[in-house]
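Quick note, in my numbering, the sequence shown goes up one by one and the last residue is 1068.
C-beta: ideal position from N, C-alpha, C; glycine also.
Structure first, then comments.
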Amino acid sequence: MTTPQDLDDRFRETLGALPEPERRRDPGRPVRPGAALTGHQLLALFDAQVTSRQLDLAARWLRSFDEGFYTIGSAGHEANAAVAAALRPTDPALLHYRSGAFYCLRAAQAADAFPGGDAGEGADLAAVTGDPDPDGDDHPPAGGPDGIRPPEDAPDDGHPAVDDVPAPAGAQHTGPPAAGPDTDAPDAAGPPDAVTAPPGTPGTGGPPTGLPDAPAAPPGTPDAVDLSPGTPAATGLPDGTVQAGPPAGSDAGAGWGGETGPGSPVHDPHPAAVRPADAVDGVAVPPPPAGPVAYRVGSDGTAEPVPRHQPATAPAAATDTAAGQAVASAAGGPGPAGGPADTGPVVPAGPRPEPAVADPAGGPDPDGWQQAYAEAARDVLRGMVASTLDPIAGGRHKVFGRADLAVVPTTSTIASHLPRAVGLGLAVERLRRMDTAARRDDPDGPPRSPWPRDAIVVCSFGDASVNHASATAAFNTAGWYDHTGLRIPVLFVCEDNGLGISVRSPEGWVERTLRARPGVRYFTADGTDPVAVHAVTAEAAGWVRRHRRPAVLHLRTVRLLGHAGADAEQAYRSTAEIAADEARDPVLATARLLVEAGVATGEELLARYDERGWQVRRTAEEVLDEPKLSAVAEVVAPLSPRRPSRVAAAVAQAAQRAAGPDAAGRAEAFGGKPPELAGPLTLAQSINAALADGMLSHPQLAVFGEDVAAKGGVYGVTKGLRERFGAARVFDTLLDETSVLGLGLGAGLAGMLPVPEIQYLAYLHNAEDQLRGEAATLQFFSQGAFRNPMVVRVPGLAYQEGFGGHFHNDNSVAVLRDVPGLVVAVPARPDDAGPLLRTCLAAATVDGTVSVFLEPIALYHTRDLYEPGDGEWLGAYAEPSAWAAGHAPIGRARVYGVGSAEDVTIVTFGNGVRMSLRAASTLADEGIGCRVVDLRWLAPLPVADLIREASATGRVLVVDETRRSGGVGEGILAALVDAGYVGAARRVAAVDSFVPLGPAARQVLVSEDAITQGARTLLAR
């Protein structure tokens, strides 16, 4: 087993044994002939790797005296620093938990501290292949980074201009091209994009795809790009493949993925997905930014740097320990006063060496990037010790994330962030195209993307994750959309160390799996060669940025220090296997290259390593004294903000617009007959009208799901919406619930207001982790810095006559009610559907709320209440002037009085409302007065209304159409007990059974007879 002591000792010994360079070279020159990375850049990359390594050692040290709570480290994965260096700091990144080096380097990029370079276009490729100019063209064409023209220079059809761009470096084409479309050719010519033109209509050249993209040439099997060390370099290879050169005009070696200086695309620190300190109806007032520099998206769709405030000063640096005591490195040494000594390596006693790197308290920073690394290290250490000053999670979890770095925090759920990444890529591209159209026609058009118009999404994960259903869903969705011609600019990064804790990935399995993904281009690199990693990443990112299509980078890494602190890997790995991984240490590989290039000596690099260790160790000691979360209110504060007055104000403002300046457009959208003039409506019709009003009130709103567009929904609830609002805002998806929710998560993160539909409640269980592990946690783990507002429509519950069985009559909502922060609304009456939906939409825009809008299928088309033909279940749709007065706040019930309403309180929801009202009518004929409480909100429960109405009669009958075990009734009765209710209570609930087909369903579901009998039993006590 590799211990921190072993790893540190081996690193020191190896650096000390490195031979002196033959001669010192200018660090501004390439580290290899033709390489894009200069010595200066590689040194900065080395320092990012070293910072990450020292953080791993610090984590083990902190854990040794129970002050650190997270020991999954990045040791062995530090090659991802080279990945970060080849990207732009404006590319949104969703990182897995071994991304310390990536995070540090991204911090330097965002602070404009990572050095630029002038090694030349395509130089990285030359360093790997030996050909400094494989295209025979020393003069790159005009254009942006990656050899493409910026989107503003693209043709009017909205597609990136790619005709003048050679194939990516290393692209392998087996044999001569076959007849037919070339899968590596520029996108096939197509008609101009039109935001409102439904794909699949005459002239679009393709099937309905949901968004108005002209179709690409049908993609075939993704080409492979392999620039691992040892890859044949000749243009004509023995196996018959041909490797093309880099994109003409690429500048992979520049510090920001090819762009530096004024006008380069940089990042808005407060994107539309960021929850501001104050917002009404989605209008954000961003809080003061922190740090030396921030970014904003300018009027031309690119970003520009702007000054920003310096963060609050960190606690004063701790003084050294008692005189003569050695100060330990981050890898080990004595802990704080009273803490046990660790067996880790210790910096030799004596005076501290002259600092070669930045002092966080304000020392010299001759390199320019050390201050950024110091701040990044403090971020990570604060996460490790659960400090409330952790800038992203505030002590709630250890995650990599920061809004001004465009790093979106992800949970530890394996691969669950991949569907979100696909959704984010789809949203980024959709907003880019809408933005282009809006600037042509209407300066007040659709919302702008919070990222530059040519941004790509980066998503990293481990090799074991390729086997997870969520990863399969994400890859399949990316490929499916690519096959239809829809653009999804996502770069997946699979960091393959060959292990999932103790389970090995079979040799060749990961590569075979990734190569086989249709529509996803495959690239690969060896993490022991930073130049190759940088080159391949630049090529992969350039390809994705140019073509706006998905790709995967297969990065071969190693795992050092085991899976986590408590992992005894010698139980499942041989000594030889562990030693082989240690020999491929990526930080040592970078050090060797620096020495070979004449940039530094081994002793100089060791000094940098030790200095960084001093800094990390001292910072670790400082953050130990920072406060921890100490109250329930502190912990749950960002979970699901509730600002009901602002939500109500947002509803009122939408009403004012609909009744005032937007009245003419609203009338036109409804064909001259708004729903309030259409007479009494059914529940389905009311939801349809409310969705249409929502789309008019919220230009960023999009409705999507299985069968919602062309068909108008299985039950007609979304009928006509695509015709009114266009295929850009109402579109069908593939049949995969995980992907439907992932698209919503990404869209919400991008600043849109997604309203996805899960076709049936039973189908939600296929994808519930997207709500539990992703949607509900984002604000919690980012203190509201990121959010994914969303309203998920779910037709469900039971009582469909003559149709269904279990999957179409699911009556279990337990999985929804125990998700912290998730709002669950259930409209029963048509006249409640509009108010509840408007509240959910307003809460999403104001607070970033994630809601589930659970629609009782059996009530969709119900018209009558007591007698056939009475029409009493129909409801009038409120005109906009009545929306504010009829507002339905989250957590407020609706009460009906029947008879005297003094004898029994019936508490119910959904289908139970209609059955209870019918039962109450029967009881009224017997002289028993009932008040029927429609909860309307299952999470949070309307506890105040519940207690008030229960106390009014002293007898409570809970009518729960969900199952007896885990059903809503359990929560209602618990709320009564917690509130000190002392009256009588009884429950009528469904049997613990799946809903069978046909008449047998009546045997397990609640009936009106059971309700009346339950009330009589209560009165008989």
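Helix, strand or coil, according to DSSP, for residue i in the structure here?
| i | result |
| --- | --- |
| W984 | strand |
| G329 | For G329, the pLDDT reaches just 34, beneath the cut-off of 50, and the residue's location in the model is therefore unreliable, although a value from the coordinates is still provided. Here G329 sits in coil by DSSP. |
| G247 | At G247, the pLDDT of 34 sits below 50, so the modelled position is not reliable and the matter cannot be decided from this model. |
| E542 | strand |
| V764 | coil |
| G741 | helix |
| R429 | helix |
| A1037 | strand |
| F833 | coil |
| L641 | helix |
| L54 | helix |
| L436 | coil |
| T61 | helix |
| L141 | strand |
| A214 | Residue confidence is low: A214 scores 34 on pLDDT, short of 50, so the model does not pin down where it sits. Its coordinate-derived value is still stated next. The answer is coil: DSSP assigns A214 none of H, G, I, E or B. |
| R713 | helix |
| L1065 | helix |
| R25 | With the chain running from 48 to 1068 in the structure shown, residue 25 is simply not present. |
| R443 | coil |
| T622 | helix |
| A684 | coil |
| A699 | helix |
| A1032 | strand |
| L92 | helix |
| Y1074 | Beyond the ends of the chain as shown, which are 48 and 1068, falls residue 1074; an answer cannot be given. |
| R322 | Reliability fails at R322, whose pLDDT of 33 lies under 50, so the model's placement of it is uncertain and the value that follows must be treated cautiously. Of the three classes helix, strand and coil, the one that applies to R322 here is coil, per DSSP. |
| D917 | coil |
From the DSSP output, which residues share a beta bridge with residue i?
| i | result |
| --- | --- |
| F900 | R840, A872 |
| E804 | G752, R840 |
| P77 | T85 |
| T1059 | Note: T1059 sits in no beta bridge, so no partner. |
| V942 | V980 |
| G852 | In DSSP, G852 forms no bridge with anything. |
| V537 | V504 |
| L728 | G922 |
| T955 | D981 |
| V454 | A140, R449 |
| R551 | L546 |
With a threshold of 7 Å between beta carbons, is residue i in contact with chain C?
| i | result |
| --- | --- |
| P691 | Absent from the structure is chain C; it holds one protein chain and no more. |
Would you mind reading off the limits of the beta strand (DSSP E) that contains residue i?
| i | result |
| --- | --- |
| G509 | 504 to 509 |
| E949 | E949 -> no beta strand (DSSP E), and no H or E assigned at all. |
| V1003 | 1002 to 1010 |
| T571 | 568 to 573 |
Starting from residue i and walking both ways along the alpha helix (DSSP H), at which residues does that stretch end?
| i | result |
| --- | --- |
| T778 | Here residue 778 is Phe; the residue named in the question, Thr, does not match the sequence. Careful: F778 lies outside any alpha helix (DSSP H), inside the beta strand (DSSP E) at 777 to 779. |
| R153 | 147 to 157 |
| N523 | 516 to 531 |
| E651 | 649 to 671 |
| W498 | First-last for W498: undefined, no H or E at that position. |
| G820 | G820 -> no alpha helix (DSSP H), and no H or E assigned at all. |
| I1019 | 1015 to 1025 |
| S786 | 784 to 796 |
| L1052 | No alpha helix (DSSP H) contains L1052, which DSSP labels as neither H nor E. |
| N127 | 127 to 132 |
task = With a floor of 3 residues, list each beta strand (DSSP E) that falls wholly inside the stretch 578 to 616, ordered by position along the chain.
result = 598 to 603
key: Sufficient close CB pairs (3 or more, under 8 Å) joining the stretch 422 to 442 to the stretch 671 to 690   = yes
request  = Could you say if the stretch 686 to 706 and the stretch 910 to 924 meet the contact criterion of at least three C-beta pairs nearer than 8 Å?
outcome  = no
inquiry  = Check whether the stretch 552 to 570 and the stretch 59 to 67 touch, using three or more Cβ-Cβ pairs below 8 Å as the test.
reply    = no
inquiry  = Measuring CB atoms only, is the stretch 464 to 482 touching the stretch 710 to 727, in the sense that at least three cross pairs come out at less than 8 Å?
reply    = no
ask   = When the Cβ atoms of the stretch 831 to 849 are set against those of the stretch 796 to 805, are three or more pairs found closer than 8 Å?
value = yes
inquiry  = Taking 8 Å as the cut-off, does the stretch 920 to 938 touch the stretch 850 to 862 (at least 3 CB pairs, one atom from each stretch)?
reply    = no
contact_flag[the stretch 873 to 889, the stretch 724 to 737] where n(CB pairs < 8 Å) is 3 or more = yes
ask   = With a cut-off of 8 Å, do at least 3 Cβ pairs link the stretch 73 to 90 to the stretch 141 to 150?
value = no
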